[in-house]
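Here is the structure we will look at, set down as structure tokens.
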Amino acid sequence: MEPGAGAVRHLYVHIPFCRARCAYCDFASESLVSRALETVTASYLHALETELAWSAPWRAQRLETVYVGGGTPTHLPFGALVALVRGLSGEGPATEGGTATKGGPPSTGGSATGGPATGSPVAAIGPAAAAAAGPAAAAQTPPAVGAEPGALELTVEANPEGLDGDKLQQLCDAGMTRLSLGVQSFDASLRRTLGRSVHDEALRRACGAVAECGLSNWNLDLIFGIPGQTWRQAEGDVLRAVAAGPAHISLYDLTYTPSYAARVARRLGPGAQARAQAFAERRYAKVVALLEQEGYRRYEVSNFARPGYECRHNLAYWRGWDYLGVGAAAVSTVGGLRWGNVSTAEEYVARWARYKAERQRGDKATWGSPSASTSALFSSSPASSAAPSLSPSAGTVERLTRHERLFERAMLGLRTAEGVSREEVEIVLDNDRLRQLLAAGLVVERCGKLTLSAGGLNVSNAVLSAILVSPAAE
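Residues 3 to 476 (the numbering used here) are what the sequence shown spells out, left to right.
In structure tokens, the structure reads:
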């Protein structure tokens, strides 16, 4: 689908700030001490407002999912976070008093930002402020998983520190419908190995707060294969996660950045990483079985949910649907066009401040526009004159080829329980290798759909590498 006004139904909002960066983290995040928090976040949220306004012509009148991730969104000044969630849900202005935070710069109308002419630029995102989508738009999207028709799934990521029942209730009242809690491990020694400073009491308090406020739709993140982890510790993490009562559990393999691999080698010896990865390979199937025994269905390689509580936002990614990302380092993919924002908060804020100043002066933009060749890629961008041809905060831009799009569709879709249509992705399949893995029982074909078996999901990287022809190999 080529991009057009009102086409995109899924929005990611990136908050890059953390109290401290975890040793293993490979996400775009920045440590921010408390004395700088209010000033820096005020500028950042104002830039975020401007980008949300700029992106309005790309979005459907009614979004289906919004995901506020990071970083640590709950590290924002809490009033600013509540106001942001309220605006994203369509229940009110996006920021306190129409500004990024109290005392921040005022919001501007459509003439300055290219967004809505009145009110907060994100006030009309959610269903409470939007008209129902037209029948043509509704026909483009299958029914949502585990949700009332038309209901907005609005997820906020949180760390356990400082989370209590009152804060959760305020977020729910503002429009949050789903929480994702980053626990990673209930074992203090394993958290230290990850470079996480969360105390046991903070974990107990946060999990208790979720139960206290009655939020049923929430996710708990765990990491598996931490260096030094024993089976008893791994089993204990899963059982304590289940006991906390989340509707959804994400169980991720530990990814080793070069800096984290060096840290592990220094602290635990040069063979620690290899031992941890071997442990994860041997035991992952057992952990999966444990979660399934507890009533969690594995609907993607690393994601497990009780019936009806699959993450609709992530399903949109895995199904290859269009999405917008706003904030530093956020990525958008619309109609085969992909652009990624600059990675640092400082540069992101500077880009949008300059864009806004130029618009207010009536200047023709002298930066942040595509070159002549890139302009051609965006020739089918939204017709609204409010939308520039390229986001001012874009650091990278590309048009995906058909092969690249289908390769991604197959790679992501085959990681899910629903799989992909063989006919749809035929051109990226190595049919000789596929026949071998079908015979081996690692891939299953049923009614024209390809899925990975339970065993295939456990070795999905190897299976996908074998059966998919990468764009580089064309």
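Virtual Cβ for every residue (Gly too), placed ideally from N, Cα, C.
Being a predicted model, the structure only gives us computed values, none of them experimental.
- Pro-394 and Arg-353 have their alpha carbons spaced roughly 6 angstroms apart.
- Inter-residue distance for Asn-463 and Arg-417 is about 9 angstroms (C-alpha atoms, whole angstroms).
- Look at the beta carbons and you see the region 74-84 touching the region 41-61: at least three pairs across the two are nearer than 8 angstroms.
- Note that the region 312-328 does not touch the region 261-278; fewer than 3 beta-carbon pairs, one per stretch, sit closer than 8 angstroms.
- Following the DSSP letters along the chain, one finds Trp-320 in no beta strand (DSSP E) but inside the alpha helix (DSSP H) bounded by residues 314-320.
- Selection Ile-225, Ala-276, Tyr-258, Thr-257 evaluated against Val-290 yields Ile-225 as nearest (Cα-Cα).
- C-alpha of Val-70 to C-alpha of Val-87: approximately 8 angstroms in a straight line.
- Within its own chain, the residues whose Cβ lies closer than 7 angstroms to the Cβ of Asn-219, once the five positions on either side in sequence are excluded, are Thr-179, Arg-180, Ala-249, Tyr-311, listed in chain order.
- Segment contact: the region 357-364 against the region 419-430, fewer than three CB-CB distances shorter than 8 angstroms; contact not assigned.
- By the criterion of a C-beta distance shorter than 6 angstroms, Gly-73 is surrounded in its chain by Ile-17, Pro-18, Phe-19, Cys-20, Ser-31, once the five residues flanking it on both sides are discounted.
- Shown here, Tyr-254 sits in a strand according to DSSP, grouped into three states.
- With respect to Leu-90, Leu-165 sits apart: the two C-beta atoms are not nearer than 8 angstroms.
- Ranked by Cα distance from Trp-60, the first of Phe-306, Leu-436, Val-328 is Val-328.
- In the displayed model, Arg-285 falls within a helix according to three-state DSSP.
- Excluding sequence positions up to five before and after Asp-168, its CB lies less than 7 angstroms from no other CB in the same chain.
- If one requires a minimum length of 4 residues, the alpha helix (DSSP H) runs lying completely within the region 399-425 are 404-415, in chain order.
- DSSP places Gly-342 in the uninterrupted beta strand (DSSP E) bounded by 339-343.
- Bridge partners of Gln-186 according to DSSP: Leu-224.
- Look at Tyr-350 here: in three-state DSSP terms it is helix.
- At a Cβ-Cβ threshold of 8 angstroms, Cys-209 and Gln-171 do not count as neighbours.
- Per DSSP, Leu-440 is one residue of the alpha helix (DSSP H) stretching across 433-441.
- Counted as a single uninterrupted DSSP element, the alpha helix (DSSP H) harbouring Asn-460 occupies residues 456-460.
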